[in-house]
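In the working numbering, the protein residues as written are 14 to 296. C-beta: ideal position from N, C-alpha, C; glycine also. As the structure is a computational prediction, the values presented were derived from the model and not from experiment. First comes the structure, then the notes that go with it.
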């Protein structure tokens with residue numbers, strides 16, 4: 014039996030479907046944070062709700078009785094988080110500390126003494142910050158440059174602490190820019206395609222030569238499945254495609270596919286954005 018937090022989200026919904034197809038009973042929990050429209054998340058759940066073996070709970074990890082939620086659970090896939098680098102500054106930071114740090118701590122605390130086979134935490138490449146070292150290795154220097162990245166790194170440290178002191182069998186996965194069907198509407202590919210098809214304007218922050226290691230959703234899900242079956246504990250693994258592409262190259266590809274020219278406007282670099290990412294996935 015598996016628990017998937019953030020199950021109505023992009024990665025959580027795909028992961029839950031894969032688990033059910035491989036014979037797992039899945040309990041999914043989501044509180045429908047308002048980072049993007051509830052209707053999109055409900056659409057993500059549509060297929061899952063028709064699947065035998067899936068149970069959905071609309072609840073908040075900070076409020077729900079975690080003891081009851083974890084009864085009979087073998088595997089935890091903690092995908093729930095407050096997303097977004099640029100929106101994590103200022104007064105919004107309190108939401109990030111609650112949803113990314115405190116919620117993770119409460120879930121880890123509830124796991125103490127339970128027979129959990131694996132606790133898989135969804136982290137982010139944002140923990141590396143604007144590193145000069147590429148590709149990024151799990152042992153690379155960690156200097157996040159956004160409040161969001163700080164909260165993801167803090168949660169990683171909590172995971173390690175609960176493994177070291179209470180033997181909660183944690184594995185952290187650092188996702189590198191996951192994309193694919195159901196991706197969030199604020200993500201680059203979604204925005205670019207929508208703007209080109211609708212004849213809208215595309216804002217690029219910087220000169221477009223910044224690069225990202227884009228990871229397809231099925232690879233991110235497979236990374237979770239491998240972590241579940243792994244004997245590793247207290248470890249961190251990069252989940253990336255192993256190559257990088259510039260934003261300008263992405264735009265060229267989409268324009269060629271659509272057969273339309275994009276209206277591109279270049280803006281100042283946003284605080285918290287990193288210049289390049291590239292995952293070393295050899296571990």
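Going by beta carbons, residue 279 and residue 217 fall inside the 8 angstroms limit. Here the C-alpha atom of residue 196 lies approximately 26 angstroms from the C-alpha atom of residue 155. Counting of Cβ neighbours within 10 angstroms places residue 170 among the exposed residues, the total staying below 16. In this structure, residue 82 and residue 16 form a Cβ contact; the two beta carbons are roughly 7 angstroms apart against a cut-off of 8 angstroms. A distance of 8 angstroms or more separates the beta carbons of residue 201 and residue 253. With distances taken between CA atoms, residue 113 lies nearest to 161 out of 161, 89 and 203. Residue pairing by DSSP places residue 225 opposite 258 in a beta bridge. Approximately 5 angstroms separates the beta-carbon atoms of residue 228 and residue 191; this is inside 8 angstroms, confirming the contact. Inclusion of residue 115 and residue 140 in the CB contact set at 8 angstroms is not warranted, their separation being larger than that value. Within the stretch 202-254, the beta strand (DSSP E) runs of at least 3 residues that lie entirely inside it are, in chain order, 214-218 and 248-252. The C-beta of residue 184 has 16 or more other C-beta atoms within 10 Å across all chains shown, which makes the residue buried. Separation of residue 46 and residue 111 (C-alpha to C-alpha, rounded to the nearest whole angstrom) is 12 angstroms. In this structure, the straight-line span from the alpha carbon of residue 213 to that of residue 207 is close to 8 angstroms.
By the 16-neighbour rule on beta-carbons within 10 angstroms, residue 56 is exposed.
Residue 239 has its alpha-carbon roughly 14 angstroms from the corresponding atom of residue 89. Here DSSP, grouped into helix, strand and coil, assigns residue 126 to coil.
A residue is called buried once 16 or more other Cβ atoms fall within 10 Å of its Cβ, and residue 70, having fewer, is exposed. Contact between residue 258 and residue 223 does not hold, since their C-beta atoms are separated by about 10 angstroms, which reaches or exceeds 8 angstroms. Counting other Cβ atoms within 10 Å of its Cβ, residue 296 stays below 16 and is therefore classed as exposed.
Residue 140 sits in a helix when the DSSP states are folded into three classes. Here residue 152 carries a coil assignment [DSSP, helix/strand/coil]. If you check the CB distance, residue 38 and residue 19 do not come in under 8 angstroms.
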